[in-house]
Amino acid sequence: MTQIPKNIAIIGSGLVGSLLAIYLRKRGHLVTVFDRRPDIRTIEFSGRSINLAMSNRGWRALREVGLEDSIKEIAIPLEKRAMHVNEKPVYFQKYGKDGEAIWSISRGVLNRRMIDLAEKAGAKFQFNEKVWDINLPGARLYTGESEKSEWKEYQYDLIFGCDGAFSRVRHKMQRRSRFDYSQSFIDVGYKELTIPPNVDGSHKLEKNSFHIWPRGRFMLIAMPNIDGSFTCTLFLPFEGTVSFESITTKKEAETFFKTYFPNVRKEIENLTKDFFNNPTSAMVTMKCYPWTYWDKVALVGDSAHAIVPFYGQGMNAGFEDIFALNELMGTHGDNWETIFSEYQKQRKPNADAIAELSYRNFVEMSSKTADQEFLLQKKIEKKFAKKYPDKWIPVYSRVTFSDRPYAEALAIGDMQERIMQQVMQLPDIENKWETIAVEKKILALLELETE
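All the letters of the sequence shown, read from the start, carry residue numbers 0 to 450 under numbering that gives the first Met the number 0.
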């Protein structure tokens with residue numbers, strides 16, 4: 000259904016803001032994107048990013064506006080995890096079926112390209128322009144040098160808040176009656192580190208893998224970039240015996256890396272330098288409702304549902320918000336009140352589900368991936384899923400390689416976990432896991448669950 004062109008403001012020029020601008024331009028709307036920061040294309044990136052893992056949901060949103068091929072040029076497919084457990088050779092875990100992969104992309108590289116594409120589509124960007132206030136019923140926004148300076152007023156038909164976990168737009172909505180809001184930080188922070196390429200530009204670690212060094216309460220991950228480097232992220236408690244707080248000198252940092260990550264010993268100099276140069280960042284889960292105000296204002300992406308990054312779904316969930324919004328625009332035309340109402344009802348349960356799944360995956364990645372019982376459970380599930388692909392799709396595949404709702408993946412994952420807990424209690428399971436008896440047990444339990 001066609002829409003009457005509207006004059007629309009987007010607050011935030013990040014990945015979600017720039018993709019939304021492209022979608023809205025394709026529907027003929029006038030689009031202005033405001034960002035308090037400078038144009039990311041003109042500055043060195045800040046060293047507080049975790050490489051992005053583009054999966055099915057993100058690709059679907061890009062494909063819809065013809066951008067998939069352009070973005071694949073700057074991405075590297077990863078079809079497996081490379082597990083670095085001390086005193087063991089590196090071992091690999093495939094993510095899904097043959098041909099299924101997540102794609103590693105540098106946030107800075109992707110953001111620059113998305114802004115270029117949005118400008119090409121006709122969106123106007125106003126950088127270094129700080130939005131201080133929003134008049135929600137009037138769809139007016141106010142910008143200025145500071146909160147105390149003189150402000151400039153802009154009038155729009157619609158405003159979209161794509162300004163992240165600490166959104167100004169949401170902050171204004173929070174003051175409304177019956178607005179639910181919660182945020183919770185985990186006691187683990189993260190720091191970006193880099194492994195540079197070899198002299199010939201090749202990668203120092205296996206290129207098509209997501210590298211994980213699980214160490215219980217903390218872990219290191221590494222994802223490849225197209226220039227031969229790896230962006231590494233160290234997840235570590237803020238306080239405690241082994242923590243950001245406990246590493247204060249170059250010598251302490253060197254000892255830490257040598258002790259816990261011996262197979263990146265050659266990179267110690269770089270890792271130590273980055274450790275002290277780059278900021279330590281916190282991670283928050285943020286939930287709120289409603290996400291919209293009348294037919295005037297809507298929150299999209301992290302401003303509506305910030306999550307911890309352990310499922311690699313933050314960007315994918317934000318892109319899926321836009322895909323869902325676009326479908327509703329196609330169905331409801333100019334009825335923005337209905338579009339916004341349906342959008343938040345459809346997306347809120349899924350945002351809550353991926354928040355829960357992301358937190359659980361932190362526990363899994365940091366401690367369980369090195370746990371023998373957990374690895375056996377995954378082997379049993381994989382064998383069963385291969386034989387009965389119509390009966391058992393692992394929760395990771397449901398989230399990463401499918402477009403089905405996150406809420407469905409969470410519910411089915413919980414059901415599968417109940418079954419596997421019973422299977423793992425079977426006598427001598429470590430020796431009998433490949434038998435027909437175990438297979439029959441899973442089938443019987445599945446039948447009970449689905450009755």
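Even glycine gets a Cβ: it sits at the ideal position worked out from N, Cα and C.
Apart from the five residues just before and just after E146, which ones in its own chain have a Cβ nearer than 8 Å to its Cβ?
-> Counted from its first residue, the sequence shown places residue 146 at position 147. Cβ neighbours of E146 beyond the five flanking positions: W131.
Got a sec? Which residues, its chain only, sit under 6 Å from F383 by beta carbon, not counting five neighbours each side?
-> On the sequence shown, residue 383 is found 384 positions in, with the first residue counted as 1. If we look at F383 and ignore the five residues flanking it on each side, its Cβ neighbours are W391 and I441.
Could you check what DSSP says for V263 in three-state terms: helix, strand or coil?
-> If you number the sequence shown from 1, residue 263 lands on position 264. The answer is helix: DSSP assigns V263 an H, G or I state.
Contact check, L235 vs V187, beta carbons under 9 Å | Position 236 of the sequence shown, counting from 1, holds the residue named residue 235. Position 188 of the sequence shown, counting from 1, holds the residue named residue 187. Going by C-beta atoms, L235 is nearer than 9 Å to V187.
With a CB to CB cut of under 7 Å and the five nearest residues on each side skipped, what residues in its chain are close to M364?
-> Along the sequence shown, one-based indexing puts residue 364 at 365. Around M364: I211, P213, M218 and F309.
Of all the options S208, K206 and I225, which has the alpha carbon lying nearest to the alpha carbon of A74?
-> In the sequence shown, the residue the question calls residue 74 occupies position 75. That would be I225, whose Cα lies nearest to the Cα of A74.
If you count every other CB in all the chains shown that lies within 10 Å of the CB of N85, and 16 or more means buried, which is it?
-> In the sequence shown, counting from the first residue as 1, residue 85 sits at position 86. Exposed.
Please classify M53: does DSSP put it in a helix, a strand, or coil?
-> Start at 1 with the first residue of the sequence shown, and residue 53 comes out as number 54. In this structure, M53 counts as strand in the three-state DSSP scheme.
Could you tell me which uninterrupted alpha helix (DSSP H) segments, each at least 4 residues in length, are contained entirely in the region 351-386, listed from first to last along the chain?
-> 371-386
Proximity of C231 and I220 at Cβ, strictly below 9 Å | In the sequence shown, counting from the first residue as 1, residue 231 sits at position 232. In the sequence shown, counting from the first residue as 1, residue 220 sits at position 221. For C231 and I220, yes; Cβs fall inside 9 Å.
Out of curiosity, what's the CA-to-CA distance linking G163 and F361?
-> Counting from one through the sequence shown, the residue named residue 163 turns up at place 164. Counting from one through the sequence shown, the residue named residue 361 turns up at place 362. Near 21 Å, if we compare the C-alpha coordinates of F361 and G163.
If you draw a straight line from the alpha carbon of Y405 to that of I104, how long is it in whole angstroms?
-> In the sequence shown, residue 405 corresponds to position 406, counting from 1. In the sequence shown, residue 104 corresponds to position 105, counting from 1. Using only the alpha carbons, I get a separation of about 22 Å.
For the alpha helix (DSSP H) holding Q415, just list the boundary residues, first then last.
-> The residue labelled residue 415 in the question sits at position 416 within the sequence shown. Segment Y405 to M423, the alpha helix (DSSP H) holding Q415.
Start and end residues, beta strand (DSSP E) containing R214 = As a working note, residue 214 is residue 215 in the sequence shown. Annotation for R214: no beta strand (DSSP E) segment contains it, and DSSP assigns it neither H nor E.
Quick one: grab the DSSP three-state call for A164.
-> As a first step, residue 164 must be located in the sequence shown, where it is residue number 165. Three-state result, A164: coil.
Would you please state the rounded distance, in angstroms, between the beta carbons of L409 and L327? I believe it to be under 8 Å.
-> Counted from its first residue, the sequence shown places residue 409 at position 410. Counted from its first residue, the sequence shown places residue 327 at position 328. The pair is not a contact, with the Cβ atoms about 23 Å apart (cut-off 8 Å).
Can you list the beta strand (DSSP E) stretches of 3 or more residues lying completely in the region 218-274, in chain order?
-> 218-223 and 229-236
With respect to the alpha helix (DSSP H) encompassing L192, which residues constitute its N-terminal and C-terminal limits?
-> Taking the first residue of the sequence shown as position 1, residue 192 is located at position 193. That residue, L192, is in no alpha helix (DSSP H); its beta strand (DSSP E) goes V187 to I194.
Under 8 Å by Cβ, that's how I've got M113 and S17 pegged, so tell me the actual separation to the nearest angstrom.
-> Your numbering for residue 113 matches position 114 in the sequence shown. Your numbering for residue 17 matches position 18 in the sequence shown. Confirmed, about 4 Å.
Inter-stretch contact (C-beta, 8 Å, three-pair minimum) for the region 271-290 and the region 20-27 | no
Below 6 Å CB to CB, which residues in the same chain sit around G27 once its five sequence neighbours on both sides are set aside?
-> Sequence index remark: in the sequence shown, residue 27 carries index 28 (1-based). Excluding residues within five positions, the ones whose Cβ falls inside 6 Å are P4.
With a threshold of 16 other CB atoms inside 10 Å of the CB of D34, please say whether the residue is buried or exposed.
-> Walking along the sequence shown from the start, residue 34 turns up at place 35. With at least 16 other beta carbons inside 10 angstroms of its own, D34 counts as buried.
Contacts around S208, its chain only, beta-carbon distance under 7 Å, and the 5 residues preceding and following it disregarded = Looking up residue 208 in the sequence shown gives position 209. The residues are L77, K79, R80, A81 and F91.
Range covered by the beta strand (DSSP E) that runs through L140 = The residue labelled residue 140 in the question sits at position 141 within the sequence shown. Counting along the chain, the beta strand (DSSP E) containing L140 begins and ends at R139 to T142.
Own chain partners of N127 with C-beta closer than 6 Å, once the 5 adjacent residues on each side are dropped | Along the sequence shown, one-based indexing puts residue 127 at 128. For N127, where only same-chain residues beyond five positions count, the Cβ hits under 6 Å are P37.
Member of T271, I49 and S176 whose CA lies at the smallest distance from the CA of C287 = Taking the first residue of the sequence shown as 1, we reach residue 287 at position 288. That would be S176, whose Cα lies nearest to the Cα of C287.
Check the DSSP bridge columns for A14 and list the partner residues they point to.
-> What you label residue 14 is simply residue 15 of the sequence shown in a count that begins at 1. According to the sequence as given, residue 14 is Leu; it is not Ala. Bridge partners of L14: none, in fact.
Proximity winner among S148, K119, K129 and Q154, relative to P136 (alpha-carbon distances) | Sequence index remark: in the sequence shown, residue 136 carries index 137 (1-based). Nearest of S148, K119, K129 and Q154 to P136, Cα basis: Q154.
Do E380 and P393 have their CB atoms nearer than 9 Å?
-> Start at 1 with the first residue of the sequence shown, and residue 380 comes out as number 381. Start at 1 with the first residue of the sequence shown, and residue 393 comes out as number 394. Yes, the Cβ-Cβ distance between E380 and P393 is below 9 Å.
Have a look at E67, L157, M172 and C161 and flag the residue whose alpha-carbon is nearest the alpha-carbon of A116.
-> Along the sequence shown, one-based indexing puts residue 116 at 117. Note on identity: in this sequence residue 116 is Leu, with Ala being the wrong assignment. Per the Cα distances, E67.
Would you tell me roughly how many angstroms separate the C-alpha atoms of R169 and I49, rounded to the nearest one?
-> Taking the first residue of the sequence shown as position 1, residue 169 is located at position 170. Taking the first residue of the sequence shown as position 1, residue 49 is located at position 50. In this structure, the alpha-carbon of R169 lies about 24 Å from that of I49.
Could you tell me which residues DSSP puts in a beta bridge with K151?
-> For the purposes of this step, residue 151 is taken as residue 152 along the sequence shown, with counting starting at 1. DSSP output for K151 lists T142 as bridge partner(s).
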